[in-house]
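First up is the structure itself, then whatever we jot down about it.
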Ligand code: BG6
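Residue numbers (the numbering used here): 99 to 621.
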């Protein structure tokens with residue numbers, strides 16, 4: 099493939115990309131592959147450079163080899179031949195940098211100027227901080243002290259989660275960043291917002307006469323969001339034991355998914371109008387006011403040893419860098435309300451956990467049953483209609499409704515229509531990081547979280563975290579490989595609902611069996 103001749107239609111602006119944390123896991127697994135995919139798709143053009151930055155000394159050649167290895171392993175495109183690869187690799191430089199050293203940033207500024215000239219980037223600079231958040235403030239200030247924010251072109255700062263540990267640390271972090279960058283220059287990543295099917299929620303909702311009129315408390319009984327993971331904490335015990343599932347997944351990915359489901363249609367399709375609507379949802383979240391309310395609405399658990407995919411796995415407390423008496427939750431489920439006119443009375447049940455039986459992210463919208471005084475419901479125990487957004491591992495939309503049982507004159511059974519996104523568009527759809535990096539390079543902040551969203555999300559989560567801190571006696575243990583504590587099923591059962599099974603339960607069309615035993619072993 100001759101990349102030099104790629105069209106640059108819809109391409110990102112020309113720019114230098116500064117990747118802080120370039121020797122880390124995120125850069126290797128996600129960022130370099132994202133940059134290469136953008137290049138191969140002609141979204142990057144030729145006027146770009148990438149500067150890898152980390153403390154570790156690497157030569158430029160070693161760094162280029164690291165990038166190549168990461169692309170070979172993790173990218174959906176592979177280099178066609180050496181010539182093509184070398185043309186791409188030419189855009190990569192490396193500099194060993196201690197982020198507290200101002201002279202280091204002065205030197206980086208000189209390198210940036212050379213690259214601006216060599217690649218004709220117009221002075222545009224994108225700073226990607228794939229670093230622990232305690233370094234965000236110092237990097238931001240030293241970018242300024244080193245002169246990197248002066249001169250022509252735009253400046254954008256892309257930062258990773260976690261954005262703080264609670265509201266007060268997030269406020270402190272934000273004010274440090276805002277001393278140097280304006281809010282519109284800050285792109286806070288929530289990689290769930292880059293996922294194809296999360297972005298598709300708005301389209302499915304607002305572009306379909308099937309759904310839009312029904313999208314409210316008159317027709318929807320409840321919404322269920324599951325973010326299940328089979329992995330344990332792996333090598334992140336140090337971070338995770340302090341964070342836990344609520345901060346790691348709840349404050350960001352889960353609340354963001356609620357906003358996508360619950361927001362009003364924006365008045366215009368621009369980032370600020372869309373994010374204004376998401377903010378309104380977060381503002382409407384009902385806060386739990388007491389420890390009792392938290393107990394009644396939120397269940398937390400920690401995995402004990404168990405079996406997953408036929409293999410024995412250790413319990414959380416046996417994991418590396420985890421305290422042997424840790425009370426950190428690796429699972430939580432909650433009943434959340436969005437107190438506005440559209441959603442009043444509709445529970446949003448959310449759950450996430452490590453070491454669950456399936457890696458799966460799904461949103462299930464359960465519709466109210468048809469009126470129960472008509473002959474059909476007198477004669478039959480009708481199942482509700484479901485609309486399911488399958489975010490991963492499969493991407494698609496699934497609809498379940500009632501139909502006549504084939505061949506039987508009487509029976510009514512749930513039937514399914516399953517749209518697998520991958521079969522419609524091919525399996526090579528861009529990954530979340532690719533989409534988000536591309537958006538940041540074009541200055542489209544729609545799928546990045548604005549400060550007021552972050553702030554409201556923390557103020558919701560802090561109420562739970564505070565109650566949990568006061569008394570840890572409600573944490574339950576669940577066997578690795580199970581669907582979490584039994585109490586999470588009771589959370590729905592007391593409202594007359596049940597968790598709908600996720601992942602792989604509804605292959606094909608026609609009659610399907612959906613069972614859900616309330617014993618932590620979903621059917
Ligand atoms: C990250 C969390 O934000 O999301 C991890 O820190 C989690 O703990 C990951 O494993 C899950 O992301 P994905 O895209 O694999 O569902």
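By construction, the Cβ of each residue, glycine as well, lies at the ideal position given by its N, Cα and C atoms.
Report the three-state DSSP secondary structure of residue 443 (helix, strand or coil).
coil
Hey, how far is the Cα of residue 291 from the Cα of residue 530?
8 Å
With 16 other Cβ atoms within 10 Å as the buried cut-off, status of residue 337:
exposed
Measuring CB atoms only, is the segment 322–331 touching the segment 541–552, in the sense that at least three cross pairs come out at less than 8 Å?
no
Please list, in chain order, all residues of the same chain as residue 329 whose beta carbon is under 7 Å from its beta carbon, the five residues on each side excluded.
452
Taking the CB atoms as reference points, tell me whether residue 342 and residue 418 lie closer together than 7 Å.
no
Between the Cα of residue 198 and those of 598, 118, 398, spot the shortest distance and give me the residue it belongs to.
118
Say the cut is 6 Å; is the CB of residue 333 nearer than that to a heavy atom of the ligand BG6?
no
Comparing the CB of residue 418 with every heavy atom of the ligand BG6, is any distance shorter than 6 Å?
no
Between residue 305 and chain B, is any beta-carbon pair separated by less than 7 Å?
Among the chains of the structure shown, chain B does not appear; only one protein chain is present.
What's the C-alpha gap between residue 64 and residue 237?
Since the first and last residues shown for the chain are 99 and 621, residue 64 lies out of range.
Label residue 195 either buried or exposed according to how many other C-beta atoms from any shown protein chain fall within 10 Å of its C-beta, with 16 as the threshold for buried.
buried
Got a sec: does the ligand BG6 put a non-hydrogen atom nearer than 6 Å to the Cβ of residue 437?
no
Do residue 428 and residue 339 come within 7 Å of each other at the CB atom, strictly closer than that value?
no
Within 6 Å: the Cβ of residue 537 and any heavy atom of the ligand BG6?
no
To the nearest angstrom, how far is the alpha carbon of residue 271 from that of residue 310?
39 Å
In this structure, how does DSSP classify residue 316 when only helix, strand and coil are distinguished?
coil
Is the Cβ-Cβ distance between residue 203 and residue 150 less than 7 Å?
no
Going straight from the alpha carbon of residue 266 to that of residue 450, what length do you get?
25 Å
Decide if the segment 374–393 is in contact with the segment 344–351; the criterion is three or more beta carbon pairs, one per stretch, under 8 Å apart.
no
Beta-carbon separation (whole angstroms), residue 349 vs residue 538, contact threshold 8 Å
In fact, because the Cβ distance is near 21 Å, the residues do not count as touching under 8 Å.
Only counting the same chain, and skipping five residues up and downstream in sequence, which positions put a Cβ closer than 6 Å to that of residue 601?
456, 458
Every unbroken alpha helix (DSSP H) within the segment 146–222, with a cutoff of 4 residues, ordered by chain:
158–172, 180–187, 200–217
Compare the Cα-Cα distances from residue 129 to each of 532, 575, 574, 586 and report the closest residue.
532
Span separating the alpha-carbon of residue 525 from that of residue 201:
Confidence is the limiting factor: at residue 525 the pLDDT is only 49, short of 50, which leaves the residue's position unreliable, though a coordinate-based value still follows. Going by the C-alpha atoms only, they are around 46 Å apart.
Under 6 Å from any heavy atom of the ligand BG6, does the C-beta of residue 346 make it?
yes
Could you pull out every residue in the same chain whose Cβ sits closer than 7 Å to the Cβ of residue 315, ignoring the five residues on either side in sequence?
440, 441, 442, 443, 444
Which residue wins for smallest C-alpha separation from residue 223, given the options 599, 462, 148, 486?
148
Grab the span of the beta strand (DSSP E) containing residue 357 for me, first residue to last.
It is not in any beta strand (DSSP E) - residue 357 instead sits in the alpha helix (DSSP H) that spans 353–360.
For the candidate residues 228, 132, 575, 595, whose alpha-carbon lies nearest to that of residue 152?
228
In the DSSP assignment, find the unbroken beta strand (DSSP E) run with residue 502 in it and report its ends.
494–502
For residue 433, the nearest candidate out of 421, 424, 448, 420 (CA to CA):
448
Residues of its chain near residue 293, where Cβ-Cβ distance is below 6 Å and the 5 sequence neighbours each way are ignored:
489, 530
Could you have a look at residue 123 and say whether DSSP puts it in helix, strand or coil?
helix
Length of the line joining the Cα atoms of residue 122 and residue 263
22 Å
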